[in-house]
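Student: My questions will all concern the structure given below.
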Amino acid sequence: MPHIKPRQIVIDTDPGIDDAIGILLALASSEFSIAGITTVAGNIGIDTTTRNAGRLLAFAGRNDIPVFKGAAAPLSRPGPEPLNLHGKEGIGGVDLPAPARQPEGRSAVEWLTEFLLNEPAGTIDIFALGPLTNIARLILDNPEAAKRIGRIITMGGVIYEAGNVGPRSEFNLWADPEAADVVVSSGLPLVLVPLDVTRRVRATREFTAALSASGKPLASMVADLIGSYFETSTHQESRPLHDPCVMLFALAPELFRMEDLRLSVSTGPTGEAGALIIGETGAPVQVATGVDGPAALDLLARTLASS
Ligand code: RIB
Ligand code: CA
Numbered sequence: 000m001p002h003i004k005p006r007q008i009v010i011d012t013d014p015g016i017d018d019a020i021g022i023l024l025a026l027a028s029s030e031f032s033i034a035g036i037t038t039v040a041g042n043i044g045i046d047t048t049t050r051n052a053g054r055l056l057a058f059a060g061r062n063d064i065p066v067f068k069g070a071a072a073p074l075s076r077p078g079p080e081p082l083n084l085h086g087k088e089g090i091g092g093v094d095l096p097a098p099a100r101q102p103e104g105r106s107a108v109e110w111l112t113e114f115l116l117n118e119p120a121g122t123i124d125i126f127a128l129g130p131l132t133n134i135a136r137l138i139l140d141n142p143e144a145a146k147r148i149g150r151i152i153t154m155g156g157v158i159y160e161a162g163n164v165g166p167r168s169e170f171n172l173w174a175d176p177e178a179a180d181v182v183v184s185s186g187l188p189l190v191l192v193p194l195d196v197t198r199r200v201r202a203t204r205e206f207t208a209a210l211s212a213s214g215k216p217l218a219s220m221v222a223d224l225i226g227s228y229f230e231t232s233t234h235q236e237s238r239p240l241h242d243p244c245v246m247l248f249a250l251a252p253e254l255f256r257m258e259d260l261r262l263s264v265s266t267g268p269t270g271e272a273g274a275l276i277i278g279e280t281g282a283p284v285q286v287a288t289g290v291d292g293p294a295a296l297d298l299l300a301r302t303l304a305s306s
């Protein structure tokens with residue numbers, strides 16, 4: 000079997016419990032080479048999301064991967080209040096070490112710009128797990144770098160179901176709708192993984208117990224992270240794994256049903272901010288609208304257990 004060169008990726012993230020699971024999944028996957036992690040405020044403030052990225056890398060023994068601090072607030076609106084859902088320190092209070100390495104001196108957008116200009120065009124994918132502020136700023140300030148992105152795979156939005164922060168609004172797009180509008184309307188190769196599918200990749204207590212029983216460090220840590228999700232959301236039989244679906248799509252797109260939709264983003268008042276509008280005037284986006292949930296969970300467990 001010829002050795003397939005790992006795909007170079009950048010993870011833009013607001014860890015966050017489900018972000019943390021996605022990051023650990025990417026670290027466990029030989030298919031990805033993580034060039035860097037860029038952080039954004041979202042689930043919690045920028046200092047905590049940045050520290051949590053460093054803590055996850057320290058836990059995984061991957062201090063070779065640099066962390067770059069990004070936007071502390073949306074492009075033009077006040078940022079969201081920290082979400083209690085993600086518990087103490089924004090990462091469920093699980094036992095993670097302190098970062099072994101400080102964030103780099105360059106900002107997320109400064110580094111992304113230099114990195115994209117120096118790498119062959121089309122060879123870098125961005126996995127976006129939080130509000131899209133950093134990527135929008137890159138597109139606005141350095142379009143010649145942005146157009147060298149291979150593709151952006153982002154967890155965000157909702158198509159046919161209700162939102163999780165408003166009738167039609169999902170948190171990542173709602174938190175910075177102007178940024179989401181810049182990214183969606185940019186015409187860059189964009190894959191959207193919305194709540195319509197991430198709500199169907201649900202970890203149960205049994206799934207979590209099986210991860211713990213594997214005895215593998217990354218799998219056990221993911222079990223602890225999911226366990227903390229249960230603590231912050233009582234009486235739930237299962238918890239959706241939103242952000243890991245980005246990595247799962249990249250690993251096994253055949254598990255997802257895709258639709259080519261033309262989308263635009265509402266930048267209206269808070270109640271509808273971030274809502275996605277389907278219409279001919281929108282930009283073309285590849286949207287995941289279905290998933291084989293059990294198969295996706297099985298892939299997550301197998302990948303973590305193999306690390
Ligand atoms: O709506 C789910 C998204 O909002 C996830 O990225 C989660 O981490 C939160 O940021
Ligand atoms: Ca997130």
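Using numbering that gives the first Met the number 0, the first residue of the sequence shown is number 0, and each one after it goes up by one. Every residue, glycine too, gets a C-beta built ideally from N, C-alpha and C.
(1) Rounded to whole angstroms, what's the CA-CA distance from Asp175 to Thr203? Just pull it up for me.
(2) Assuming Arg76 contacts Glu236 under a Cβ cut-off of 8 Å, what Cβ separation, rounded to an integer in Å, is found between them?
(3) Which whole runs of the beta strand (DSSP E) in the stretch 3-70 are 3 residues long or more, in chain order?
(4) Would Ser185 and Ile123 be called neighbours here (beta carbons separated by less than 8 Å)?
(5) Quick one: does the C-beta of Gly129 sit closer than 7 Å to a heavy atom of ligand 3?
(6) Does Asp124 come out as helix, strand or coil in the three-state DSSP assignment?
(7) How should Tyr159 be labelled, buried or exposed, when 16 other C-beta atoms within 10 angstroms of its C-beta is the threshold for buried?
(8) I'd like to know if the stretch 8-26 and the stretch 123-134 are in contact, where contact means that at least 3 CB-CB pairs between them fall below 8 Å.
(9) Ala282 bridges to which residues according to DSSP?
(10) Since Glu30 and Leu298 should fall inside the 8 Å C-beta cutoff, what is the C-beta to C-beta distance between them, to a whole number of angstroms?
(11) Less than 8 Å between the C-beta atoms of Ile33 and Leu240, yes or no?
(12) Should the stretch 143-154 be called in touch with the stretch 77-96, which here means at least 3 C-beta pairs below 8 Å?
(13) Helix, strand or coil, according to DSSP, for Leu111 in the structure here?
(14) If you draw a straight line from the C-alpha of Glu169 to the C-alpha of Ile134, how long is it?
(15) Between Phe170 and ligand 1, is there a pair consisting of the residue's CB and a ligand heavy atom that are separated by less than 7 Å?
(16) Using only CA atoms, which one of Leu187, Pro188, Pro193 and Val183 lies nearest to Ala310?
(17) If you draw a straight line from the alpha carbon of Gly92 to that of Glu279, how long is it in whole angstroms?
(18) On the premise that Ala70 lies in contact with Ala40, defined as a C-beta separation below 8 Å, what is that separation, rounded to the nearest angstrom?
(19) Alpha carbons only, please: which of Cys244, Ser263 and Ser265 is nearest the one belonging to Arg256?
(20) What is the DSSP secondary structure of Pro239, reduced to helix, strand or coil?
(21) Between the alpha carbons of Thr132 and Thr37, how many angstroms are there, rounded?
(22) The alpha helix (DSSP H) with Leu296 in it runs from where to where?
(23) Taking the straight line between their C-alpha atoms, what separation do you get for Arg201 and Leu172?
(24) Nearest-angstrom Cα distance between Arg301 and Ser263?
(25) Using the three-state DSSP reduction, which class does Thr207 fall into: helix, strand or coil?
(26) Checking contacts by CB at 8 Å: is Glu80 closer than that to chain B?
(27) Measure from the alpha carbon of Asp195 to the alpha carbon of each residue in Asp291, Gly44 and Ile45, then state which is nearest.
(28) Where does Leu191 sit, in a helix, a strand or coil, going by DSSP?
(29) Give the DSSP-derived three-state secondary structure of Arg256 in the structure shown.
(30) Just list the residues that DSSP pairs Met154 with in beta bridges.
Tutor: On the basis of the data shown:
(1) For Asp175 and Thr203, the gap between their C-alpha atoms comes out near 31 Å.
(2) No, Arg76 and Glu236 are not in contact; Cβ-Cβ is about 35 Å, not under 8 Å.
(3) You should have 6-12, 31-38 and 66-68.
(4) The beta carbons of Ser185 and Ile123 sit no closer together than 8 Å.
(5) Ligand 3 is absent from the structure shown, which contains only ligand 1 and ligand 2.
(6) Reduced to three states, the DSSP call for Asp124 is strand.
(7) Exposed.
(8) The answer is yes - the stretch 123-134 touches the stretch 8-26, with three or more Cβ pairs under 8 Å.
(9) Residue pairing from DSSP places Ala282 in a beta bridge opposite Leu262.
(10) Rounded to the nearest angstrom, the Cβ distance from Glu30 to Leu298 is 11 Å, too far for a contact under 8 Å.
(11) No. Outside cutoff.
(12) The stretch 143-154 makes no contact with the stretch 77-96, as fewer than three CB pairs between them are under 8 Å.
(13) Three-state result, Leu111: helix.
(14) Straight-line spacing of the CA atoms in Glu169 and Ile134 works out to 18 Å.
(15) True, at least one ligand heavy atom lies under 7 Å from that Cβ.
(16) Residue 310 is absent from the model: the chain starts at 0 and stops at 306.
(17) Gly92 and Glu279 have their C-alpha atoms some 45 Å from each other.
(18) The pair is a contact, with the Cβ atoms about 6 Å apart (cut-off 8 Å).
(19) Arg256 has its Cα closest to that of Cys244, out of Cys244, Ser263 and Ser265.
(20) Strand, per DSSP.
(21) In this structure, the CA atom of Thr132 is about 11 Å from the CA atom of Thr37.
(22) Per DSSP, Leu296 is one residue of the alpha helix (DSSP H) stretching across Gly292 to Ser305.
(23) Computed Cα separation, rounded: 21 Å.
(24) Their backbone Cα atoms lie some 37 Å apart in a straight line.
(25) Thr207 falls in the helix class under three-state DSSP.
(26) This model lacks chain B altogether; it includes just one protein chain.
(27) Nearest to Asp195 by C-alpha distance, out of Asp291, Gly44 and Ile45, is Asp291.
(28) Here DSSP, grouped into helix, strand and coil, assigns Leu191 to strand.
(29) Correct three-state label for Arg256: strand.
(30) According to DSSP, Met154 bridges with Val192.
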